[in-house]
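I have placed the structure first, in the form of structure tokens, so that the comments after it can refer back to it.
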Amino acid sequence: MIKQKYPHLMAPFSVKGIDFKNHIFLPPCALSHVTYGAPNDLGIAYMEEKARGGAAQVTQGNITGPGGYGDNGGHFNRYFTNCFTDMAFTELATAIKEHGCVASAEINHAGFMAGLAENSNTPPMSSMGFIRPDGVKVVQMTEKMIDDAITYYANIAKFLKDCGFQMCMVHGGHEMLINQFMSPHFNRRTDRWGGSPQNRIRFPKMILQRIRELCGEEFLIEMRISAVDHCEDGKNIEESIYFVQECGDLMDFVHISAGCGPDKAYLTQEVCFQPEGLNIQYAQAMKEAGVKPLVVVMGGIVSPEVAEGFLAEGKADVVAMARALMADPQLPNKVRRNQEEDIVPCLRCNHCLGSNKTAFFEAKCMVNPHMAHEHRTRLIPPADCSRKVLIVGGGIAGMKAAMTAADRGHRVILAEQSPELGGAIKFADYDSIKVQLKKYKDYLIRQVSKREIDIRMNTKAGKELVQKVQPDAIIVAVGAKPIIPDIPGIQKENVMYAVDAYFQPEKVGKKVVIIGGGLVGCEVGAHLANTGHLVDVLEMGPELAPEDNPFHHFGMQAYWAERPILGHVNTKVTEVTDQGVKAVCEDGKEILFDADTVIYCVGLRADTSVTEEMKKYCYDVVPVGDCVRSGRIVDAVETGYHAAIDLA
Ligand SMILES: Cc1cc2nc3c(=O)[nH]c(=O)nc-3n(C[C@H](O)[C@H](O)[C@H](O)COP(=O)(O)O)c2cc1C
Ligand code: SF4
1 MIKQKYPHLM
11 APFSVKGIDF
21 KNHIFLPPCA
31 LSHVTYGAPN
41 DLGIAYMEEK
51 ARGGAAQVTQ
61 GNITGPGGYG
71 DNGGHFNRYF
81 TNCFTDMAFT
91 ELATAIKEHG
101 CVASAEINHA
111 GFMAGLAENS
121 NTPPMSSMGF
131 IRPDGVKVVQ
141 MTEKMIDDAI
151 TYYANIAKFL
161 KDCGFQMCMV
171 HGGHEMLINQ
181 FMSPHFNRRT
191 DRWGGSPQNR
201 IRFPKMILQR
211 IRELCGEEFL
221 IEMRISAVDH
231 CEDGKNIEES
241 IYFVQECGDL
251 MDFVHISAGC
261 GPDKAYLTQE
271 VCFQPEGLNI
281 QYAQAMKEAG
291 VKPLVVVMGG
301 IVSPEVAEGF
311 LAEGKADVVA
321 MARALMADPQ
331 LPNKVRRNQE
341 EDIVPCLRCN
351 HCLGSNKTAF
361 FEAKCMVNPH
371 MAHEHRTRLI
381 PPADCSRKVL
391 IVGGGIAGMK
401 AAMTAADRGH
411 RVILAEQSPE
421 LGGAIKFADY
431 DSIKVQLKKY
441 KDYLIRQVSK
451 REIDIRMNTK
461 AGKELVQKVQ
471 PDAIIVAVGA
481 KPIIPDIPGI
491 QKENVMYAVD
501 AYFQPEKVGK
511 KVVIIGGGLV
521 GCEVGAHLAN
531 TGHLVDVLEM
541 GPELAPEDNP
551 FHHFGMQAYW
561 AERPILGHVN
571 TKVTEVTDQG
581 VKAVCEDGKE
591 ILFDADTVIY
601 CVGLRADTSV
611 TEEMKKYCYD
621 VVPVGDCVRS
631 GRIVDAVETG
641 YHAAIDLA
């Protein structure tokens, strides 16, 4: 028997006769894989993959009903119920349970956040009536509407039970309807549904009671709450403990999340700027108060050692991980087999929630090219015939291509001109924030080293190498080169490229000006501000890091707010001098930003020269990653992966 490194995480347990094979749950992480309100094949494959990966329980996200549909991606709508919907939900529960995993689904009602399309006959409703910023009138719920809403939750729970789900999650957190009653931030009613904590918990308590009445004791209930609302007039942990104590007999698990609105969403959906497992203090407070339900902690937990620590110290009973299992659904199985060095680390970047401030649900993971495409890409197809593949460049794209090609049975030679693998993310070794990115780089290096790949360091690609290796195909992954902005003074001694600041920290003075406020410039600035520098970031455009997703962006802003770093938009640099950087600011005036060191970070230019040269010596040449189009990690991973999959 394998000795478990993570005994608390891996220990089985049972509740009311339902067996859980370990202490890892998948919290809801719904994508828009839905057809007429029911999970489609894509959605079922996406959820089944998490069950197959060894999680003890998997929760389908955001099941709603009439009037409850949210603008936030909740499209699984019981409203459209018909025999097709019933079959699809039954198939989903079956797909989860077939892997010895407990099937759960989240019941939600978005309240005032409800979308308009589905609600054309049902206006958005909430504890309070008001006009939304988009001009839509929100109706204050009457006694009848409240009673209907209570029935709404219970009916969906019964529907889930009938479809074969063994438990449900009631979404009582964030800015959803239940928290619109529970939180004094939203609820200013003066009747029996508002005012005192006792009145504000009446709505969720009656929901739980009615679910119990309709579904029986053996149907498990997990209640997601915001233990704290993260706003001044919101509820605090004492109130949340009071609620759980009052409703202790009505729920089997209390699921600890936090936050109640988009402005502090980075505290609900923690990014790399926040510590791992931010909510553990609230879970611990619940445990110390001796609440009856089992306490599930979630929020930015991505490492098994952190999860194990929480359980071993008795701060929580169960750990829920969403993004960690999206990055690597096999995490629980790998933990069980003591193969944690093979876990693909989640970067806590939130790219999966939308790649920029407006486009939600692009449904891509930075590090897992299968995520959300499991229905067609889950298995890596073996090669029809084994070919000799030369991969030029040992960065992300090159290493991903090398791993994938080797897994398919090709003979792989990986040539890297420098003495180290890692390419453009080598800097992560020195970044004070990007802990997960460093883990990802180390993971890739470990994976190529483990496989039968002929790795040649200090090897420049050229005619000589191709003649020696005689490859059938070449994948070029040589990256990009930094663009040097055409500014008077840019060649001065006090100027350096952003990434060099990591490798030569001794050359970076106290006062730093960064030219270029894209995502990279902002992140380098955050690191420098965190390591004792005073930083100004100058951006010519109207916005800092426009390519960033909102969760990451707000998280970074909060991080900046506590450090000596300032961003200046609509600021055009005119000259670099020995004293700093001259720039024309928003008000049209030119000023000097004092700096000991000036750092430029205005983008990269794809290096196509190696691809062109390789094409002279081989018919089958595929460029990948930054040397095609300077992009993001997700582009490097995907293009590297697909080039290797397409090797014919
Ligand atoms: C792609 C994605 C979809 C999500 N969908 C839902 C959802 O449908 N319902 C919900 O309550 N939370 C949803 N969440 C939030 C997660 O349940 C979880 O609270 C959040 O990801 C933080 O946990 P983590 O750090 O383990 O990822 C979603 C998160 C992600 C990344
Ligand atoms: S996109 Fe980023 S945050 Fe989301 S699962 Fe992948 S690595 Fe994690």
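Going by full-length UniProt numbering, 326 is the number at position 326 of the sequence shown; the sequence numbering is gapless.
Every residue gets a Cβ at the ideal spot worked out from N, C-alpha and C, and that includes glycine.
If you're wondering where the values come from, they're calculated on a predicted model, not measured in any experiment.
Going by DSSP in three states, residue i sits in which element: helix, strand or coil?
i: Q281; result: helix
i: N62; result: strand
i: D134; result: coil
i: residue 649; result: The structure shown has nothing for residue 649, since the chain only spans 1 to 648.
i: L26; result: strand
i: P7; result: helix
i: Q57; result: strand
i: F503; result: helix
i: A359; result: Only weak support is given to the placement of A359: the predicted model assigns it a pLDDT of 45, under 50, and the question is left unresolved by the model.
i: I241; result: helix
i: I96; result: helix
i: R446; result: helix
i: residue 657; result: Shown here, the chain extends from 1 to 648; a query on residue 657 therefore has no answer.
i: E305; result: helix
i: H255; result: strand
i: L294; result: strand
i: A643; result: helix
i: Y266; result: helix
i: G580; result: strand
i: L347; result: coil
i: F273; result: coil
i: D41; result: helix
If contacts are defined as beta-carbon pairs under 8 Å, then residue i and residue j qualify, I think. What distance do you get, rounded to the angstrom?
i: V495; j: V598; result: 5 Å
i: V271; j: G555; result: 4 Å
i: G61; j: E106; result: 5 Å
i: V302; j: E341; result: No, V302 and E341 are not in contact; Cβ-Cβ is about 15 Å, not under 8 Å.
i: Q504; j: N458; result: The Cβ separation is near 21 Å, so there is no contact.
i: I445; j: I425; result: Rounded, the Cβ-Cβ distance is 10 Å, inconsistent with contact.
i: L278; j: G300; result: 6 Å
i: K400; j: G640; result: 3 Å
Enumerate in chain order the residues of its own chain whose CB-to-CB distance from residue i is below 6 Å, with the five nearest sequence positions on each side excluded.
i: L451; result: The amino acid at residue 451 is misidentified as Leu; the sequence shows Arg. Only A406 meet the Cβ criterion.
i: E218; result: K16
i: A51; result: V58, I96, H99, C101
i: E539; result: G517, V569
i: F112; result: P124, S126, V138
i: I622; result: The question names Ile, yet the displayed sequence has Val at residue 622. Only I475, A643 meet the Cβ criterion.
i: A519; result: Here residue 519 is Leu; the residue named in the question, Ala, does not match the sequence. The answer, listed in chain order, is A545, E547, D548.
i: I413; result: L390, D454, V469
i: E427; result: For the record, residue 427 in the displayed sequence is Phe; it is not Glu. Closer than 6 Å at the Cβ level, and outside the excluded window around F427, lie V499, Y502.
i: P7; result: none
i: residue 650; result: There is no way to answer for residue 650, as the model of the chain reaches only from 1 to 648.
Using a Cβ-Cβ cutoff of less than 8 Å, which residues in the same chain neighbour residue i once the five nearest sequence positions on both sides are dropped?
i: G462; result: E613
i: G241; result: Per the sequence shown, residue 241 should be read as Ile rather than Gly. The answer, listed in chain order, is A285, M286, A289, V291.
i: I483; result: V602, G603, L604, R605
i: A529; result: V535, W560, R563, P564, I565
i: T358; result: With a pLDDT of 44 at T358, under the threshold of 50, the predicted position of this residue should be treated as unreliable, though the coordinate-derived value follows. Excluding sequence neighbours, T358 sits near nothing in its chain.
i: D384; result: A648
If you drop the 5 nearest sequence neighbours on each side, which residues of the same chain put their C-beta closer than 7 Å to that of residue i?
i: C260; result: H174, E175, N179, S183, H185, S226, D229, H230, C231, G234
i: L325; result: L26, K50, G53, A55, L331
i: P382; result: R408, G409
i: C29; result: G61, A322, M326
i: N338; result: I2, K5
i: F130; result: V138
i: C163; result: D86, F89, T90, A93
i: D328; result: I343, V344, N368
i: N350; result: Q269, V271, N549, F551, H552
Length at least 4, wholly inside the segment 512-573: the alpha helix (DSSP H) runs in chain order | Whole alpha helix (DSSP H) segments, 4+ residues: 519-530, 550-561.
Which residue spans inside the segment 391-444 form an unbroken beta strand (DSSP E) run of at least 3?
-> Listed in chain order, they are 411-415.
Complete beta strand (DSSP E) runs within the segment 193-230 (minimum length 3 residues, chain order) = Taking only runs of at least 3 residues, the beta strand (DSSP E) segments lying wholly in the segment 193-230 are 220-226.
Sequence ranges, alpha helix (DSSP H) only - wholly within the segment 141-201, length at least 4 = Correct list: 143-162, 177-182, 197-200.
Which full runs of the beta strand (DSSP E) of 3+ residues lie inside the segment 589-640, going along the chain?
-> Counting only unbroken stretches of 3 or more residues, the beta strand (DSSP E) elements lying wholly within the segment 589-640 are 590-594, 597-600, 604-606, 621-623, in sequence order.
Which runs of the alpha helix (DSSP H) spanning at least 4 residues fall entirely within the segment 314-345, listed in chain order?
-> Runs found: 323-327, 331-336.
Kindly provide the ranges of any beta strand (DSSP E) runs that are 3 or more residues long and lie completely inside the segment 447-481, ordered along the chain.
-> 453-456, 473-476, all fully within the segment 447-481.
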